[in-house]
Structure formats: structure tokens, C-alpha cells
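Okay, structure first, notes after.
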Amino acid sequence: MIEKETVPEHLARDCPLPEIPAEGSSNDPLTEYMVRMETALKDCNIDKKSIRQWQNQQQTP
-1 MIEKETVPEH
9 LARDCPLPEI
19 PAEGSSNDPL
29 TEYMVRMETA
39 LKDCNIDKKS
49 IRQWQNQQQT
59 P
């Protein structure tokens, strides 16, 4: 019987997204939003990389 493997909890968390500025906001809140969004995307990609590394370790005999 094959047991189903589950991804460890610390690797499966969602990436928090920044709040979207109100319509008609000045450039400062929009710039801050874009910087925070870029950071969130980088964090999410690091999480995906960690999951792939974990999967590779599970497949190694």
C-alpha cells in the first residue's frame, strides 16, 4: 500500500498579498503597493523552490 505524502505545513502556507490602494490614490501608495507585491512574489517563489527540494528529498532512495 502506498501512503499519501503531504507537504509539511511550513512549506504549504499562502503568500500574503499587500492591500490594493484605493482608486485615485497618489503615486506613493501605488509605488509602495508595487514594491510589496514584488516582495510577495519573490517569497512565494522561494516557497515553491522549498517544496520542490522537499519533493526531491522524498524521492531519493
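With my numbering applied, the sequence shown covers -1 to 59. A virtual CB, placed ideally from N, CA and C, is assigned to each residue, including glycine. Remember, it's a predicted structure, so these values are computed and weren't measured experimentally.
Alpha helix (DSSP H) segment containing residue i, residue limits
i, result
"residue 38", "25 to 57"
Rounded C-alpha distance that separates residue i from residue j
i, j, result
"residue 15", "residue 21", "18 Å"
"residue 3", "residue 35", "31 Å"
"residue 54", "residue 38", "25 Å"
"residue 28", "residue 6", "35 Å"
"residue 42", "residue 25", "26 Å"
Near the ligand ZN: residue i beta-carbon under 7 Å from a heavy atom
i, result
"residue 47", "What this structure holds is no ligand at all, so the ligand ZN is not there to describe."
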